[in-house]
Amino acid sequence: MPVPKKNQLIGLDIGSHSIKLVEINQSKKGMILKNFGVIGLPKDAIVEGTIKEMEVVASVVKNLYKNLKIKNKNVATSISGFSVIVKKISISQRGESELDSSIHEEAEQYIPFDISDVNLDYEILKLKEAVTGDESATEVAKKGAALMDVLLVAAKKDIIEDYESLIQLAGLNPVIMDVDAFALQNAFEASSGNISGCYAIINIGAEELGINAVKDGVSIFTRDSSYGGSQITEAIMSKFNVSFEEAEKIKLGGTKVDKERGALEEIFTTIVSGWVQEIKRALDFLSTTYPDESIEKILVSGGAYRIPGFLKYLEQETGISVEELNPFANLQINEKVFDPRYLSYMAPQAGVAVGLALRSAGDK
Ligand SMILES: Nc1ncnc2c1ncn2[C@@H]1O[C@H](COP(=O)(O)OP(=O)(O)OP(=O)(O)O)[C@@H](O)[C@H]1O
Ligand SMILES: [Mg+2]
Numbered sequence: 000m001p002v003p004k005k006n007q008l009i010g011l012d013i014g015s016h017s018i019k020l021v022e023i024n025q026s027k028k029g030m031i032l033k034n035f036g037v038i039g040l041p042k043d044a045i046v047e048g049t050i051k052e053m054e055v056v057a058s059v060v061k062n063l064y065k066n067l068k069i070k071n072k073n074v075a076t077s078i079s080g081f082s083v084i085v086k087k088i089s090i091s092q093r094g095e096s097e098l099d100s101s102i103h104e105e106a107e108q109y110i111p112f113d114i115s116d117v118n119l120d121y122e123i124l125k126l127k128e129a130v131t132g133d134e135s136a137t138e139v140a141k142k143g144a145a146l147m148d149v150l151l152v153a154a155k156k157d158i159i160e161d162y163e164s165l166i167q168l169a170g171l172n173p174v175i176m177d178v179d180a181f182a183l184q185n186a187f188e189a190s191s192g193n194i195s196g197c198y199a200i201i202n203i204g205a206e207e208l209g210i211n212a213v214k215d216g217v218s219i220f221t222r223d224s225s226y227g228g229s230q231i232t233e234a235i236m237s238k239f240n241v242s243f244e245e246a247e248k249i250k251l252g253g254t255k256v257d258k259e260r261g262a263l264e265e266i267f268t269t270i271v272s273g274w275v276q277e278i279k280r281a282l283d284f285l286s287t288t289y290p291d292e293s294i295e296k297i298l299v300s301g302g303a304y305r306i307p308g309f310l311k312y313l314e315q316e317t318g319i320s321v322e323e324l325n326p327f328a329n330l331q332i333n334e335k336v337f338d339p340r341y342l343s344y345m346a347p348q349a350g351v352a353v354g355l356a357l358r359s360a361g362d363k
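Residue numbers (numbering that gives the first Met the number 0): 0 to 363.
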């Protein structure tokens with residue numbers, strides 16, 4: 000669907016390791032990649048989704064805008080981590096206005112924060128089976144038997160405000176505040192053109208491991224945990240007594256530490272198996288909570304899954320087929336402007352930003 004130019008947004012994924020920017024032109028001719036860029040953040044400027052150094056991060060965003068010569072100041076960005084809760088709940092069926100006035104009360108028991116500290120969003124998923132027979136929904140509702148599924152999204156107000164202030168401090172307008180998991184799902188749907196079936200999207204960044212299980216285009220479960228590439232960097236720092244920057248280089252294979260190869264492999268193995276265990280725990284939880292659903296495939300995203308052998312290992316341990324999520328797959332790309340090898344290398348890190356760039360002002 001073409002999006003009027005004035006409604007198009009810049010997708011800005013503010014991760015703890017780097018900021019990713021994507022601009023997409025959604026025209027009659029399709030989705031055209033206009034701009035893509037990544038810029039690193041200093042260590043600890045953002046820690047597990049919390050902005051610690053507002054000025055520093057804002058100036059990094061400004062630099063990225065300047066380097067890429069971006070004109071559009073309207074931004075879609077996202078939050079993630081422990082300050083966002085996504086949960087599917089079943090409640091007695093009711094009309095939209097009644098739902099709107101009662102949702103806070105209903106949500107209270109599912110949200111581990113004071114309800115007045117969160118922004119609450121919800122989406123009606125479907126009316127339960129019981130009402131799809133001969134009786135109309137209202138008739139069943141009258142008897143008090145019918146339930147409805149509602150997807151709750153609760154995000155801590157202070158985190159949202161922090162990200163809004165950050166965008167404003169960089170001289171930009173925060174138009175949409177999304178959630179990492181949904182942005183990735185959006186990127187996957189756009190890149191595969193398919194929303195049917197049951198699959199899990201995994202995002203392994205620097206400080207967060209996100210899991211989103213999706214059925215027929217609807218998220219049924221999300222979880223973010225404090226795992227990610229920084230664990231490896233930190234283990235290298237202490238094992239070899241080197242700086243963060245140096246440890247990153249060693250991790251990426253830039254610096255040779257031949258005699259330490261064994262110690263390095265051990266760090267990789269220990270930490271990566273921790274990630275795989277976490278993913279397995281989530282999948283187990285999923286199969287007990289939703290015994291009728293079975294995950295057909297796992298899509299992976301995030302810079303840290305580049306670790307050699309990770310995909311195979313995850314596939315072996317879960318017995319589910321694992322694929323890379325390529326957010327650029329369905330975009331039109333001018334190869335004179337973007338080096339295809341660079342884009343294919345960066346694809347693991349670009350998913351959230353692509354999903355955000357596909358949002359538009361007033362789209363839902
Ligand atoms: N080739 C590679 N091998 C191993 N790790 C890698 C590789 N390339 C990138 N990484 C790691 O991936 C992480 C960055 O990934 P990503 O950009 O997805 O994180 P982020 O979005 O900034 O962080 P988060 O979402 O966790 O806040 C870093 O820890 C980085 O060291
Ligand atoms: Mg990230």
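Positions of the beta carbon are idealized from the N, C-alpha and C atoms, including for glycine.
Cβ neighbour criterion (16 or more within 10 Å) applied to residue i
i      : result
Gly228 : buried
Arg358 : buried
Ser115 : exposed
Thr131 : Low per-residue confidence applies at Thr131: pLDDT is 43, beneath 50, and the placement is therefore not dependable, though the value from the model is reported in the following sentence. Exposed, because fewer than 16 other Cβ atoms sit within 10 Å of the Cβ of Thr131.
Asn211 : buried
Leu251 : exposed
Val139 : Unreliable positioning characterises Val139 in this predicted model, as indicated by a pLDDT of 48, which lies under 50. A coordinate reading is not provided.
Asp291 : exposed
Tyr198 : buried
Val336 : exposed
Pro41  : exposed
Asp215 : exposed
Thr232 : buried
Lys33  : buried
Gly3   : Correcting the residue type first, residue 3 is Pro in the shown sequence and not Gly. Counting Cβ neighbours within 10 Å, Pro3 comes out exposed, since fewer than 16 surround it.
Glu334 : exposed
Asn325 : buried
Asp223 : buried
Met176 : buried
Glu207 : buried
Asp133 : Its pLDDT being 46, under 50, Asp133 is placed unreliably in this model, and the value from its coordinates should be taken loosely. Exposed is the call here.
Asn185 : buried
Asp43  : exposed
Asp362 : exposed
Gln331 : exposed
Residue i CB to nearest heavy atom of ligand 1 below 7 Å
i      : result
Glu206 : yes
Arg305 : yes
Glu52  : no
Gln348 : yes
Gly302 : yes
Ile221 : This sequence places Thr at residue 221; Ile is not what is there. No, since every heavy atom of ligand 1 falls outside the 7 Å radius drawn around the Cβ of Thr221.
Thr232 : yes
Glu264 : no
Lys238 : no
Ser229 : yes
Glu245 : no
Ser17  : yes
Lys250 : yes
Rounded distance between the beta-carbons of residue j and residue i, thought under 8 Å
i      : j      : result
Ile166 : Val74  : 6 Å
Gly48  : Ser82  : 6 Å
Met30  : Ala189 : 7 Å
Val351 : Asp179 : 5 Å
Ala205 : Ala303 : 7 Å
Val21  : Phe35  : 5 Å
Ile235 : Ile266 : 6 Å
Gly273 : Ile203 : The Cβ separation is near 11 Å, so there is no contact.
Lys19  : Ala360 : In fact, because the Cβ distance is near 20 Å, the residues do not count as touching under 8 Å.
Gln230 : Ile270 : 5 Å
Touching or not, the region 335–355 and the region 47–66, by the rule of three or more beta carbon pairs under 8 Å?
no
Pocket of ligand 2 defined by Cβ to heavy atom distance under 5 Å:
Gly14, Gly204
Does the region 9–19 come close enough to the region 118–125 that 3 or more CB-CB pairs lie under 8 Å?
No, the region 118–125 does not touch the region 9–19.
State whether the region 203–221 contacts the region 239–250, with contact taken as three or more CB pairs (one from each stretch) at a distance under 8 Å.
no
Would the region 145–165 count as touching the region 76–96 if we require 3 or more Cβ pairs under 8 Å?
yes
Determine, using beta-carbon pairs with one atom in the region 104–111 and one in the region 84–93, whether at least three such pairs fall under 8 Å.
yes
So, does the region 306–322 touch the region 268–282, judging by three or more C-beta pairs under 8 Å?
Touching, yes, given that three or more Cβ pairs across the two stretches are closer than 8 Å.
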